[in-house]
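Peer 1: Submitted below is the structure of interest, expressed as structure tokens.
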Amino acid sequence: MAKNKKSNDPMSKLVALCKRRGIVFQSSEIYGGVGSTYDYGPYGVTIKNNIERLWWDEMTLKHENIVGLDSAVILHPKVWDASGHLKNFSDPMVDCKECKGRFRADQINGTGYGGGSDSGAGYSDGTGYGGGSGSGAGYGDGTGYGGGSEDVNVCPKCGSKNSFTEVREFNLMFDTTMGPVADDTVKTFLRPETCQGIFLDWKIVQESARLKIPFGIAQTGKAFRNEITTGNFIFRTREFTQMEMQYFVKPGETSELINYWKEQRWNFYLSLGINEEDLRWHEHPKDKLAHYAKEAWDIEYKFPFGWGELEGVHDRGDFDLKAHQESSGKDMTYFDDQTRERFHPQIVETSAGLNRAMLAVLADAYREDEQAGEQRIYLALAPHIAPVKAAIFPLVKKGGLPDIAHAIYTDLRKHFPVFYDFQGSIGKRYRRMDEIGTPYGITVDFQTLEDGTVTVRWRDTLQQERIHKDKVGEFLRDRLG
RNA sequence: GCGAGAGUAACUCAGUUGGUAGAGUAUCACGUUGCCAACGUGAAUGUCGCGGGUUCAAAUCCCGUCUCUCGCUCCA
Numbered sequence: 001m002a003k004n005k006k007s008n009d010p011m012s013k014l015v016a017l018c019k020r021r022g023i024v025f026q027s028s029e030i031y032g033g034v035g036s037t038y039d040y041g042p043y044g045v046t047i048k049n050n051i052e053r054l055w056w057d058e059m060t061l062k063h064e065n066i067v068g069l070d071s072a073v074i075l076h077p078k079v080w081d082a083s084g085h086l087k088n089f090s091d092p093m094v095d096c097k098e099c100k101g102r103f104r105a106d107q108i109n110g111t112g113y114g115g116g117s118d119s120g121a122g123y124s125d126g127t128g129y130g131g132g133s134g135s136g137a138g139y140g141d142g143t144g145y146g147g148g149s150e151d152v153n154v155c156p157k158c159g160s161k162n163s164f165t166e167v168r169e170f171n172l173m174f175d176t177t178m179g180p181v182a183d184d185t186v187k188t189f190l191r192p193e194t195c196q197g198i199f200l201d202w203k204i205v206q207e208s209a210r211l212k213i214p215f216g217i218a219q220t221g222k223a224f225r226n227e228i229t230t231g232n233f234i235f236r237t238r239e240f241t242q243m244e245m246q247y248f249v250k251p252g253e254t255s256e257l258i259n260y261w262k263e264q265r266w267n268f269y270l271s272l273g274i275n276e277e278d279l280r281w282h283e284h285p286k287d288k289l290a291h292y293a294k295e296a297w298d299i300e301y302k303f304p305f306g307w308g309e310l311e312g313v314h315d316r317g318d319f320d321l322k323a324h325q326e327s328s329g330k331d332m333t334y335f336d337d338q339t340r341e342r343f344h345p346q347i348v349e350t351s352a353g354l355n356r357a358m359l360a361v362l363a364d365a366y367r368e369d370e371q372a373g374e375q376r377i378y379l380a381l382a383p384h385i386a387p388v389k390a391a392i393f394p395l396v397k398k399g400g401l402p403d404i405a406h407a408i409y410t411d412l413r414k415h416f417p418v419f420y421d422f423q424g425s426i427g428k429r430y431r432r433m434d435e436i437g438t439p440y441g442i443t444v445d446f447q448t449l450e451d452g453t454v455t456v457r458w459r460d461t462l463q464q465e466r467i468h469k470d471k472v473g474e475f476l477r478d479r480l481g
């Protein structure tokens, strides 16, 4: 564990809070941790699930023409050939020994680098990618690249000649093998994006759910990318959850629907309680589009480390369906009963990162203020995101107060995630709840013995009001929707 | 992979010229406590990242190694 964090920067403080309160923390920590993998503790998984459920409901409940799907993580290896991932997710790289710059081998002038960009050799013969499973020996000794050519390679950054390292293969997909017998295995990949499963299944989904264009298929699930560089806490990790909806539209209607979904998706982040001033649109320049995209917009959030992408709204055109039709030989067209036309649907994609959405929610909710000269840290989470909706406290341990408080707790927990605590001073118990963003604190005091009322304290302002203990459930229901 | 930095309790850290580890916070128990991290008493928690070497003796000196963090390269 590194101890050189600048503990004053906002990101470090958020990370520390996440660990302290069991929201998100380093995975495999007893073994020293594994780079950029994180586990979500009791409160973290609840926040994450809350966001995921809101997304799911937003898609499938609020749109009558969007249905859900849960496709496999491991797909037929040919999928990744057809999708372009084998070709585009695998880059041969060289480093300049002089200036330490790194470049794609096929972008260096001069030699036969790049000449043999043999991405087609991929999975089937088992030799193409990553050769040795396991340890660092993975990146092959550059077969095919930089053959025997003696031409001069010039570093585009510092101008040094022939200062490059061996070509190394960077494969951004995790590969694995199917089948227990080593000689008889098929090389497969963990999906680097969830949407391919939607493309493979769209016809059976469309037919079985009797959907007419335009319609959408929504899916959440894990995706895996062997990122060269990870970092910024849970912003970029090698294993992450995507929330993707692929919208199948008639040719010619794409741009209108892009605008519709841009508005929908923008509003989703507002509904999570994120400050609109911390959001912006970023359009990908045409010359930097991903290999499948015709038009691409990102919603970005102003993280403590800078603007970062939360979600993309993309025009994928008919790239994917045509690619799979060509590769599989199966018809991927849609027949329009009304116009008697057959065509490849155009696809508008909304592709969000759940972990990033959660990080944005946490970063946006992180607050510090001062109460009676003491610093207070709290998460101003929207109540419908908060992992615990209310905490119930007896003011002190005597006078039968704990019994009354516990009875209220037992009753409430049938309907809400609530927490009961009697340990420590009342102020300390409030603060503990503040740090996980619990919106309401309900305290049983001596007045409760007289008239049955309790205090309800609102997290952000510390203001209290008295309501009858029998009305607490109703009070919470009103405020939590 | 390159460069830089860092590894001592759950957290933040201290540990003198080598003498087998401490503080605060947090946690738990009991007491106390009339609303915002109060107080008292007590308890539990470490192979000082790992391995080797020097030494009577290593958290400390030497060598190796691992991991993490940041920057760069890359990024759908």
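For the first sequence, position 467 matches number 467 in the numbering used here, and the numbering has no gaps at all. We put the CB at the ideal spot given by N, CA and C, even for glycine. All figures in this text were calculated on a predicted structure; none of them were measured in a lab.
(1) Among 324, 46, 62, 406, which one has its Cα closest to the Cα of residue 292?
(2) Should the segment 368-380 be regarded as contacting the segment 414-422, the criterion being three or more beta carbon pairs within less than 8 Å?
(3) What did DSSP end up calling residue 463 once you bin it into helix, strand or coil?
(4) Using 8 Å as the cut-off, can you tell me whether the segment 390-406 makes contact with the segment 436-443, which would need three or more C-beta pairs spanning the two stretches below that distance?
(5) Rounded to a whole number of angstroms, what is the C-alpha to C-alpha distance between residue 363 and residue 446?
(6) Give the list of continuous beta strand (DSSP E) stretches no shorter than 3 residues that lie fully inside the segment 236-315.
(7) Please identify the residue among 196, 462, 450 whose C-alpha is closest to the C-alpha of residue 399.
(8) Which residue marks the beginning of the beta strand (DSSP E) containing residue 371, and which one marks its end?
(9) Alpha carbon to alpha carbon, how far is residue 122 from residue 178?
(10) How is the alpha helix (DSSP H) around residue 477 delimited, first residue to last?
(11) Three or more beta-carbon pairs under 8 Å between the segment 264-284 and the segment 203-217, yes or no?
(12) Is DSSP giving residue 427 helix, strand or coil here?
(13) If you check the beta carbons only, do residue 384 and residue 50 fall under 8 Å apart?
(14) With DSSP as the reference, label residue 400 as helix, strand or coil.
(15) Should residue 76 be counted as a contact of the ligand GTP given a C-beta to heavy atom distance under 7 Å?
(16) Helix, strand or coil for residue 339, going by three-state DSSP, please let me know.
(17) In the DSSP assignment, the beta strand (DSSP E) including residue 455 goes from what residue to what residue?
(18) Under the three-state reduction of DSSP, which class applies to residue 376: helix, strand or coil?
(19) Reducing DSSP to helix, strand and coil, say where residue 221 ends up.
(20) Which full runs of the beta strand (DSSP E) of 3+ residues lie inside the segment 26-81, going along the chain?
(21) Name the two residues that bound the continuous alpha helix (DSSP H) containing residue 385.
(22) Where does residue 349 land, buried or exposed, given buried means 16+ other C-beta within 10 angstroms?
(23) When the Cα atoms are used, what is the spatial distance from residue 186 to residue 77?
(24) Would you decide whether residue 16 is buried or exposed? Buried here means 16 or more other CB atoms lie within 10 Å of its CB.
(25) Using 10 angstroms around the beta-carbon of residue 82, count the other beta-carbons present and answer buried if the total reaches 16, otherwise exposed.
(26) Take residue 10 and list the residues in its own chain whose beta-carbon comes closer than 6 Å to its own, dropping the five residues that flank it on each side.
(27) Quick check: the Cα distance between residue 413 and residue 476, rounded to an integer number of angstroms?
(28) Under 8 Å between the Cβ atoms of residue 194 and residue 176?
(29) Can the beta-carbon of residue 53 be found less than 8 Å from the beta-carbon of residue 435?
(30) What span of residues does the beta strand (DSSP E) with residue 11 cover, start to end?
(31) When you compare each of 216, 12, 203, 71 to residue 62 by their alpha carbons, which one comes out closest?
(32) My understanding is that residue 317 touches residue 294, with C-beta atoms under 8 Å, so please give their C-beta distance in whole angstroms.
(33) Compute the Euclidean distance between the alpha carbons of residue 461 and residue 431, then round it to the nearest angstrom.
(34) When you compare the CB positions of residue 360 and residue 274, do they come within less than 8 Å of one another, or not?
(35) Out of curiosity, what's the CA-to-CA distance linking residue 14 and residue 264?
(36) Please name the residue in 321, 453, 79 whose C-alpha comes closest to that of residue 401.
Peer 2: So, to answer that:
(1) To locate residue 292, count along the first sequence from 1; it is residue 292. With distances taken between Cα atoms, residue 292 lies closest to 324.
(2) no
(3) As a working note, residue 463 is residue 463 in the first sequence. In the structure shown, residue 463 sits in coil (DSSP, three-state: anything other than H, G, I, E or B).
(4) yes
(5) As a first step, residue 363 must be located in the first sequence, where it is residue number 363. As a first step, residue 446 must be located in the first sequence, where it is residue number 446. Roughly 38 Å separates the two Cα atoms.
(6) 239-249, 279-283, 295-303
(7) Taking the first residue of the first sequence as 1, we reach residue 399 at position 399. Of the listed residues, the one whose Cα sits closest to residue 399 is 450.
(8) Here residue 371 is taken as the residue at index 371 of the first sequence, counted from 1. For residue 371, the enclosing beta strand (DSSP E) covers residues 366-371.
(9) Here the question's residue 122 lines up with position 122 in the first sequence. Here the question's residue 178 lines up with position 178 in the first sequence. Here the model assigns residue 122 a pLDDT of 27, short of 50, so the residue's position is not dependable, and the following value carries that caveat. Using only the alpha carbons, I get a separation of about 15 Å.
(10) For this step, residue 477 is matched to residue 477 along the first sequence. Residues 472-480.
(11) no
(12) Against the first sequence, residue 427 aligns to sequence position 427. Correct three-state label for residue 427: helix.
(13) Position 384 of the first sequence holds residue 384. Position 50 of the first sequence holds residue 50. Cβ atoms of residue 384 and residue 50: closer than 8 Å.
(14) The residue you call residue 400 lines up with position 400 of the first sequence. Note: residue 400 maps to coil in three-state DSSP.
(15) You won't find the ligand GTP in this model; it holds no ligand whatsoever.
(16) Locating residue 339 in the first sequence gives position 339, where the first residue counts as 1. Residue 339 falls in the coil class under three-state DSSP.
(17) The sequence position of residue 455 within the first sequence is 455, counting from 1. Run containing residue 455: 453-458, per the beta strand (DSSP E) assignment.
(18) Taking the first residue of the first sequence as position 1, residue 376 is located at position 376. In this structure, residue 376 counts as strand in the three-state DSSP scheme.
(19) The residue given as residue 221 occupies position 221 in the first sequence. Residue 221 falls in the strand class under three-state DSSP.
(20) Within the segment 26-81, complete beta strand (DSSP E) segments of at least 3 residues are found at 38-40, 66-68, given in chain order.
(21) Taking the first residue of the first sequence as position 1, residue 385 is located at position 385. First-last for residue 385: undefined, no H or E at that position.
(22) For this step, residue 349 is matched to residue 349 along the first sequence. It counts as buried.
(23) The residue given as residue 186 occupies position 186 in the first sequence. The residue given as residue 77 occupies position 77 in the first sequence. Distance between the alpha carbons of residue 186 and residue 77 is about 8 Å.
(24) Within the first sequence, numbered from 1, the residue matching residue 16 stands at position 16. Exposed, since its Cβ has fewer than 16 Cβ neighbours within 10 Å.
(25) As a first step, residue 82 is located in the first sequence; it is residue number 82 there, counting from the start. Buried: at least 16 other Cβ atoms inside 10 Å.
(26) As a first step, residue 10 must be located in the first sequence, where it is residue number 10. Answer for residue 10: 304, listed in chain order.
(27) Translated into the one-based positions of the first sequence, residue 413 becomes position 413. Translated into the one-based positions of the first sequence, residue 476 becomes position 476. If I take the Cα positions, the gap works out to 12 Å.
(28) Taking the first sequence and counting its residues from 1, one reaches residue 194 at position 194. Taking the first sequence and counting its residues from 1, one reaches residue 176 at position 176. With contacts defined by Cβ atoms closer than 8 Å, residue 194 and residue 176 do not form a contacting pair.
(29) Working through the first sequence from its first residue, we reach residue 53 at position 53. Working through the first sequence from its first residue, we reach residue 435 at position 435. Against a cut-off of 8 Å, the Cβ pair of residue 435 and residue 53 comes out as no contact.
(30) Residue mapping note: residue 11 aligns to position 11 of the first sequence, counting from 1. Looking at the DSSP string, residue 11 is not in any beta strand (DSSP E); the run it does join, the alpha helix (DSSP H), is 10-20.
(31) Indexing the first sequence from 1 puts residue 62 at position 62. Minimum Cα distance to residue 62 is reached at 216.
(32) Position 317 of the first sequence, counted from the first residue, corresponds to residue 317. Position 294 of the first sequence, counted from the first residue, corresponds to residue 294. Sure, about 5 Å apart at Cβ, within 8 Å.
(33) In the first sequence, residue 461 corresponds to position 461, counting from 1. In the first sequence, residue 431 corresponds to position 431, counting from 1. One C-alpha to the other measures close to 13 Å.
(34) The sequence position of residue 360 within the first sequence is 360, counting from 1. The sequence position of residue 274 within the first sequence is 274, counting from 1. Yes. Within cutoff.
(35) Here residue 14 corresponds to residue number 14 of the first sequence, with the count starting at 1. Here residue 264 corresponds to residue number 264 of the first sequence, with the count starting at 1. The alpha-carbon atoms of residue 14 and residue 264 are separated by roughly 29 Å.
(36) As a first step, residue 401 must be located in the first sequence, where it is residue number 401. Residue 453 holds the alpha-carbon nearest to the alpha-carbon of residue 401 among 321, 453, 79.
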